[in-house]
Amino acid sequence: MTKELKNQEISIGWDVGGWSGKNHGLCILETFNGELRLTMAEKLTIYAIKEEIEKIIAEKSDTHKITLGIDAPLQFPKLFQEIIKSNPINIFQSNPTQKENPIAWRQTDLFIKKEFGKTPLSPSFSFLTSNATVAITLLGELKSKGIDLSILPFDKISSINAIEVYPGLLKSKKIKSSLAFNVYQKILRDSQFQNIEGFEYYFGEAKVKTDVADAVICALYGLGLNGHIKSIPNLETTIPSKYLDICKNEGWIYHPVIS
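With the first letter of the sequence shown counted as 1, position 102 gets the number 102 in UniProt numbering; the numbers rise by one all the way through.
Laid out in structure tokens, this is it:
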């Protein structure tokens, strides 16, 4: 990647659906010298999603930094992993409340609840089990093909990164009162986003969100990972020290910097 092209970035926002049906949202945002361009925002099947991601990486990885912002767990809770490996140990050593059950919730889920007052769906107990396996499987296949993809926080950051994000954070009081919220809202008022439905769920009174709008928000989050785009809120990439060890096993939800 040349010095002249180092400020070109592509973010692929993926609102993950299940294994069947056209129930995935995909958004592709590209920047050059701070200018934001929307190149795709559609509902697709998982097979079309895979083709689009592979195409972008093949065509752009030499000239762009690429981030995949994915709305799905990229790993399961540690104790749930033990269960599916048929090696359950100390599963019933405590009697936690439903919202603290270590089989259902990762430490990153509990962190998001504590810090932002929003509780992600359980990776293991909700329908997200399907969504998680879709995302984990696709990323694993990309790696198996020799693509130099880093899945954070499991791998070291590189020029092609995949991160877990959570569009629902925009509904939290902490985010709504932050500068980042106003910046996202201003960006999405641009004419290139006018034909996309679903943003009023986050910025207005609408009760229904859409897969495509969520994918756009995932892509905006992704553009904040490297911290090089002044017009996009940065993501917080420093994980609190108490979570560093467990997040290497369970994953981490990356969120905007609060200011």
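Using N, Cα and C, we set each Cβ at its ideal position, and we do this for glycine too.
Paired residues, beta bridge with residue i - DSSP
i       : result
Thr-67  : Ser-11, Asn-161
Leu-26  : Trp-14, Glu-42
Leu-188 : Beta-bridge pairing links Leu-188 to no other residue.
Phe-32  : Glu-35
Ile-253 : Glu-164
Leu-235 : Pro-256
Ile-151 : Ala-162
Burial state of residue i (16 or more Cβ within 10 Å)
i       : result
Ser-172 : buried
Lys-22  : exposed
Glu-4   : Only weak support exists for where Glu-4 lies, its pLDDT of 49 falling under 50; the value from the coordinates is given anyway. Glu-4 comes out exposed.
Glu-250 : buried
Asp-109 : buried
Glu-59  : exposed
Gly-117 : exposed
Lys-65  : buried
Arg-106 : buried
Glu-9   : buried
Thr-2   : Annotation note: pLDDT 49 at Thr-2 (below 50); position unreliable, no value reported.
Pro-240 : exposed
Tyr-47  : exposed
Asp-15  : buried
Asn-182 : exposed
Ser-122 : buried
Pick from the options that is closest to residue i, judged by C-alpha positions
i           : options                            : result
Leu-26      : Glu-9, Ile-70, Thr-108             : Ile-70
Lys-209     : Asp-245, Glu-250, Pro-167          : Pro-167
Pro-102     : Lys-118, Ile-232, Glu-82           : Glu-82
Ala-219     : Ala-206, Leu-235, Lys-207          : Leu-235
Thr-31      : Ile-239, Thr-238, Gly-222, Arg-189 : Gly-222
His-24      : Ile-246, Val-212, Lys-186          : Val-212
Ile-229     : Gly-17, Val-216, Glu-35, Ser-20    : Glu-35
Lys-174     : Ala-162, Ile-163, His-255, Lys-242 : His-255
Leu-38      : Gly-117, Ser-191, Lys-145, Phe-125 : Ser-191
Ala-72      : Gly-13, Glu-200, Thr-237, Ser-178  : Gly-13
Ile-246     : Tyr-184, Ala-162, Phe-154, Gly-146 : Phe-154
Ser-126     : Gly-18, Ser-259, Gln-8, Pro-240    : Gly-18
Ser-20      : Ile-147, Glu-100, Ser-61, Thr-45   : Thr-45
Leu-29      : Tyr-47, Ala-48, Val-16, Ile-53     : Ile-53
Glu-197     : Gly-140, Val-257, Phe-80, Val-216  : Val-216
Met-40      : Gln-185, Ile-84, Ser-11, Thr-238   : Ser-11
Ile-253     : Lys-55, Asp-62, Thr-63, Phe-76     : Phe-76
Glu-42      : Lys-85, Val-257, Asp-214, Ile-258  : Asp-214
Ile-136     : Thr-238, Ile-163, Lys-113, Gly-146 : Ile-163
residue 264 : Leu-68, Ser-122, Ala-104, Lys-207  : Here the chain comprises residues numbered 1 to 259, so residue 264 is not present and cannot be evaluated.
Lys-50      : Asn-131, Leu-142, Glu-200          : Leu-142
Ser-157     : Thr-237, Gly-146, Glu-200, Lys-78  : Sequence inspection shows Ile at residue 157; the Ser mentioned does not correspond to that position. Comparing Cα-Cα distances from Ile-157 to each of Thr-237, Gly-146, Glu-200, Lys-78, the minimum goes to Thr-237.
Any non-hydrogen atom of the ligand MN within 7 Å of residue i CB
i      : result
Gln-81 : Here there are no bound small molecules, and the ligand MN is not part of this structure.
Cβ-Cβ separation, residue j to residue i (assumed contact under 8 Å), whole Å
i           : j       : result
Ile-232     : Ile-160 : Not really, about 18 Å apart at Cβ, beyond 8 Å.
Phe-111     : Tyr-202 : With 8 Å as the limit, Phe-111 and Tyr-202 do not qualify as a contact, their Cβ atoms being about 21 Å apart.
Leu-74      : Ile-151 : 6 Å
residue 303 : Leu-138 : For the chain, the structure presents residues 1 to 259; residue 303 sits outside this window and is missing.
Ser-178     : Ile-258 : 5 Å
Leu-170     : Tyr-184 : 7 Å
Ser-124     : Phe-80  : 4 Å
Chain D contact for residue i (CB, 8 Å cutoff)
i       : result
Phe-154 : Here there is only one protein chain, and chain D is not present.
Check your understanding: Which runs of the beta strand (DSSP E), 3 residues or longer, sit entirely within the stretch 191 to 235?
Key -> For secondary structure counted as the beta strand (DSSP E) over 3 or more consecutive residues, the stretch 191 to 235 holds no complete run.
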